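S.K.:
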Amino acid sequence: MFPSLTTGIIAFAIASVVIVTAGSRLARVADELADRTGLGEALFGIFLLAGVTSLPDFAATLSAAMDSRPDLAMSNVMGSMAANLVFLGIADIMYRKANLEHAAASSTNLMLAALLIVLLALPLLAIASPPVSLWGIHPITPVITAAYLFGLHLVRTTDSIPMWFPRLTRQTVPDKPGHYLRGGLAQAWVTFIILAAITGIAGWVLMEGAKVISDETGLSDTLIGGLFTALATSSPELVTTIAAIRRNALTLAVSNIFGTNCFNMLVIASADVGYPGGSIYHDITPIQMTWGLVSILMTATLLMGMVRRQRYGIGKIGFESALMLSVYAVALIIVTISG
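Per the UniProt record's numbering, the very first residue in the sequence shown carries number 1; after that it's consecutive.
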């Protein structure tokens, strides 16, 4: 699409800025819609905001898969999920009143973390299993979709009829309606949809620029996808999480990250469907499993932190956040050396 390395870099940079700018606006609109629709921060973050902030990942991953670049596609989406969990660690650092996982405690977020671990295990099983496909699609792909939909049903039930309740403390921040933006509900929805479209288009442009950068510089698709495009397409999650923290919408911040990572499993399924060379799981390098395993390790660590609910850690940072950041740093070194 882009004729030279220079234009590819420029397109990549502009798309990244657009994604960040639109993402910062999304958090405000999402918080308002969560209150006005009555869904609440947790469900709105899971069902709607997560899907919107995943649009750059969806567009970028599908573009790479359809262009027969499996490593670029899978490293982008897998790397994005690990980056999203790192963003929760960063948010914990920014929220100084208490550990974020303590303040935003909810049974819904616990269920989401468990669901994410289950979903992450499925594509790893497909990668490690013998090459099997039906009409070019691995049998695990429809299983991922079905597990995601059933998982959302369980999450919805957990939210509406909870059987576990977090202990309320002075540091717990409940989901309360905030101040609305100017205009009515219809205007808020229009703004939300426009921002969603902008982030999706920017994600596609970003991946097209990344392809040119990879081809012209000689850097591997694994390195480009796992580091550069993964961080760029995940930037909406970072800016929406930080914006939600500043608005004291802590439940929205956490549920958005978990919901996005769960939604990204549908992105993996779509990549398998869109890949023209058969099942995408059979054509990727083993290093792609690193990101999946790292994401499982980070999610499990975060789940323990949410159950433990440590009020304050060293420097008011939870032990789970410190561990996640350390695991991600080690993973970056491994991928960089391998790539």
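Every residue, glycine too, gets a C-beta built ideally from N, C-alpha and C. This one's a predicted model, so the numbers in the text were calculated from it and none came from an experiment.
#1: Can you check DSSP and say which residues form a bridge with isoleucine 137?
#2: Buried or exposed: which applies to leucine 154, given that a residue is buried once 16 or more other Cβ atoms fall within 10 Å of its Cβ?
#3: Going by the CB atoms, is the gap between glycine 305 and glycine 292 shorter than 8 Å?
#4: When we look at the beta-carbon of valine 132 and count the other beta-carbons within 10 Å, is it buried (16 or more) or exposed?
#5: Could you tell me which uninterrupted alpha helix (DSSP H) segments, each at least 4 residues in length, are contained entirely in the UniProt domain "Sodium/calcium exchanger membrane region" (188-336), listed from first to last along the chain?
#6: In the DSSP assignment, find the unbroken alpha helix (DSSP H) run with threonine 108 in it and report its ends.
#7: Between the Cα of alanine 50 and the Cα atoms of Gln310, Cys262, Arg69, which residue gives the shortest distance?
#8: What does a CB cutoff of less than 6 Å around threonine 191 pick up in its chain, not counting 5 residues either side in sequence?
#9: Is DSSP giving isoleucine 161 helix, strand or coil here?
#10: Taking isoleucine 93 and serine 279 to be in contact with their CB atoms under 8 Å, please state how far apart those CB atoms are, rounded to whole angstroms.
#11: Looking at the secondary structure, which residues open and close the alpha helix (DSSP H) in which serine 80 lies?
#12: Evaluate alanine 11 with the Cβ neighbour count: other Cβ atoms within 10 Å of its Cβ, from every protein chain shown; 16 or more gives buried, anything less gives exposed.
#13: Quick one: give me the first and last residue of the alpha helix (DSSP H) that aspartate 67 is part of.
#14: Since alanine 50 is in the alpha helix (DSSP H), which residue starts that stretch and which ends it?
#15: For the structure I just gave you, are there three or more beta carbon pairs, one from the stretch 289-303 and one from the stretch 106-116, closer than 8 Å?
#16: Under the three-state reduction of DSSP, which class applies to alanine 104: helix, strand or coil?
#17: Taking the CB atoms as reference points, tell me whether proline 70 and isoleucine 284 lie closer together than 8 Å.
#18: Once the 5 residues before and after leucine 323 are set aside, which same chain residues still bring their CB inside 7 Å of it?
#19: Please determine if the stretch 75-95 and the stretch 137-156 are in contact, where contact requires at least 3 C-beta pairs separated by less than 8 Å.
#20: How close, in whole Å, do the beta carbons of alanine 210 and isoleucine 224 come, if the pair is a contact with beta carbons under 8 Å?
#21: Could you have a look at glycine 184 and say whether DSSP puts it in helix, strand or coil?
#22: Given a threshold of 16 other Cβ atoms within 10 Å of its Cβ, counted over all protein chains shown, does glycine 89 qualify as buried or as exposed?
#23: Rounded C-beta distance between threonine 199 and leucine 55? I'm assuming under 8 Å.
#24: Under 8 Å between the Cβ atoms of aspartate 81 and serine 295?
#25: Check whether the Cβ atoms of valine 329 and threonine 290 lie closer than 8 Å to each other.
#26: Counting only the same chain and skipping the five closest in sequence on each side, list residues whose C-beta sits under 6 Å from that of valine 52.
#27: Is the CB-CB distance between alanine 271 and methionine 78 below 8 Å?
#28: Measure the Cβ-Cβ separation of valine 267 and threonine 61 and say whether it is below 8 Å.
#29: What residues in its chain sit with their C-beta under 6 Å from that of isoleucine 19, if we drop five residues either side in the sequence?
#30: If I measure Cβ to Cβ from glycine 136 and keep anything under 6 Å in the same chain, skipping five residues before and after, which residues do I get?
#31: Please classify glycine 184 as buried or exposed, where buried requires at least 16 neighbouring CB atoms within 10 angstroms.
#32: Output yes or no for whether 8 Å exceeds the beta carbon distance between phenylalanine 165 and serine 220.
#33: Our contact map puts alanine 230 next to serine 16 with C-beta atoms below 8 Å; I'd like the distance itself, whole angstroms only.
M.R.: Based on what the coordinates show:
#1: Here residue 137 refers to the residue found at position 137 when the sequence shown is read from its first residue. Paired residues: Leu134.
#2: Within the sequence shown, residue 154 is the residue found at index 154, counting from 1. Counting Cβ neighbours within 10 Å, leucine 154 comes out exposed, since fewer than 16 surround it.
#3: Taking the sequence shown and counting its residues from 1, one reaches residue 292 at position 292. Taking the sequence shown and counting its residues from 1, one reaches residue 305 at position 305. Contact: no.
#4: Position 132 of the sequence shown holds residue 132. So valine 132 counts as exposed.
#5: 230-233, 235-246, 250-274, 288-308
#6: The count along the sequence shown starts at 1 and reaches residue 108 at position 108. 107-128 is the span of the alpha helix (DSSP H), which, as asked, contains threonine 108.
#7: Residue mapping note: residue 50 aligns to position 50 of the sequence shown, counting from 1. That would be Cys262, whose Cα lies nearest to the Cα of alanine 50.
#8: Indexing the sequence shown from 1 puts residue 191 at position 191. These residues qualify, in order along the chain: Val29.
#9: As a first step, residue 161 must be located in the sequence shown, where it is residue number 161. Correct three-state label for isoleucine 161: coil.
#10: To locate residue 93, count along the sequence shown from 1; it is residue 93. To locate residue 279, count along the sequence shown from 1; it is residue 279. The Cβ separation is near 40 Å, so there is no contact.
#11: Your numbering for residue 80 matches position 80 in the sequence shown. Residues 70-94.
#12: Here residue 11 corresponds to residue number 11 of the sequence shown, with the count starting at 1. Within a 10 Å sphere around the beta-carbon of alanine 11 sit 16 or more other beta-carbons, which makes this residue buried.
#13: Position 67 of the sequence shown, counted from the first residue, corresponds to residue 67. First-last for aspartate 67: undefined, no H or E at that position.
#14: Against the sequence shown, residue 50 aligns to sequence position 50. Taken as a continuous stretch (DSSP letters only), the alpha helix (DSSP H) holding alanine 50 covers 50-53.
#15: yes
#16: Along the sequence shown, read from residue 1 onward, the residue named residue 104 stands at position 104. In the structure shown, alanine 104 sits in coil (DSSP, three-state: anything other than H, G, I, E or B).
#17: Taking the sequence shown and counting its residues from 1, the one referred to as residue 70 is at position 70. Taking the sequence shown and counting its residues from 1, the one referred to as residue 284 is at position 284. Going by C-beta atoms, proline 70 is nearer than 8 Å to isoleucine 284.
#18: Numbered from 1 along the sequence shown, position 323 holds the residue referred to as residue 323. Annotation for leucine 323: Thr301 place their beta carbon closer than 7 Å to its own, counting only its chain and skipping 5 residues before and after.
#19: When Cβ pairs closer than 8 Å are counted between the two stretches, the stretch 75-95 is seen not to touch the stretch 137-156, the count staying below three.
#20: Counting from 1 along the sequence shown, the entry for residue 210 is found at position 210. Counting from 1 along the sequence shown, the entry for residue 224 is found at position 224. At roughly 5 Å, the Cβ-Cβ gap stays under 8 Å, so alanine 210 and isoleucine 224 are in contact.
#21: Here residue 184 is taken as the residue at index 184 of the sequence shown, counted from 1. Glycine 184: coil per DSSP, three-state reduction.
#22: Numbered from its first residue, the sequence shown carries residue 89 at position 89. Buried: at least 16 other Cβ atoms inside 10 Å.
#23: Position 199 of the sequence shown, counted from the start, is the residue given in the question as residue 199. Position 55 of the sequence shown, counted from the start, is the residue given in the question as residue 55. 5 Å between Cβ atoms; contact.
#24: As a working mapping, residue 81 is identified with position 81 in the sequence shown. As a working mapping, residue 295 is identified with position 295 in the sequence shown. For the sequence presented, residue 81 should be read as methionine rather than aspartate. It is a contact, given that the beta carbons lie within the stated cut-off.
#25: Locating residue 329 in the sequence shown gives position 329, where the first residue counts as 1. Locating residue 290 in the sequence shown gives position 290, where the first residue counts as 1. The residue you asked about is not valine; residue 329 is alanine in the sequence shown. No.
#26: As a working note, residue 52 is residue 52 in the sequence shown. Cβ neighbours of valine 52 beyond the five flanking positions: Ala196.
#27: Translated into positions along the sequence shown, residue 271 becomes position 271. Translated into positions along the sequence shown, residue 78 becomes position 78. In this structure, methionine 78 does not lie closer than 8 Å to alanine 271 by Cβ.
#28: Position 267 of the sequence shown, counted from the first residue, corresponds to residue 267. Position 61 of the sequence shown, counted from the first residue, corresponds to residue 61. Cβ atoms of valine 267 and threonine 61: closer than 8 Å.
#29: Along the sequence shown, one-based indexing puts residue 19 at 19. Pro56, Thr199, Ala202, Ser235, Pro236, listed in sequence order.
#30: Translated into the one-based positions of the sequence shown, residue 136 becomes position 136. Scanning its chain for C-beta atoms nearer than 6 Å, with the 5 sequence neighbours on each side dropped, one finds around glycine 136 the residues Gly278, in chain order.
#31: The residue given as residue 184 occupies position 184 in the sequence shown. Around the beta-carbon of glycine 184, fewer than 16 other beta-carbon atoms lie within 10 Å, marking it exposed.
#32: Numbered from 1 along the sequence shown, position 165 holds the residue referred to as residue 165. Numbered from 1 along the sequence shown, position 220 holds the residue referred to as residue 220. Going by C-beta atoms, phenylalanine 165 is not nearer than 8 Å to serine 220.
#33: Within the sequence shown, numbered from 1, the residue matching residue 230 stands at position 230. Within the sequence shown, numbered from 1, the residue matching residue 16 stands at position 16. Contact doesn't hold; Cβ gap of about 12 Å is too wide.
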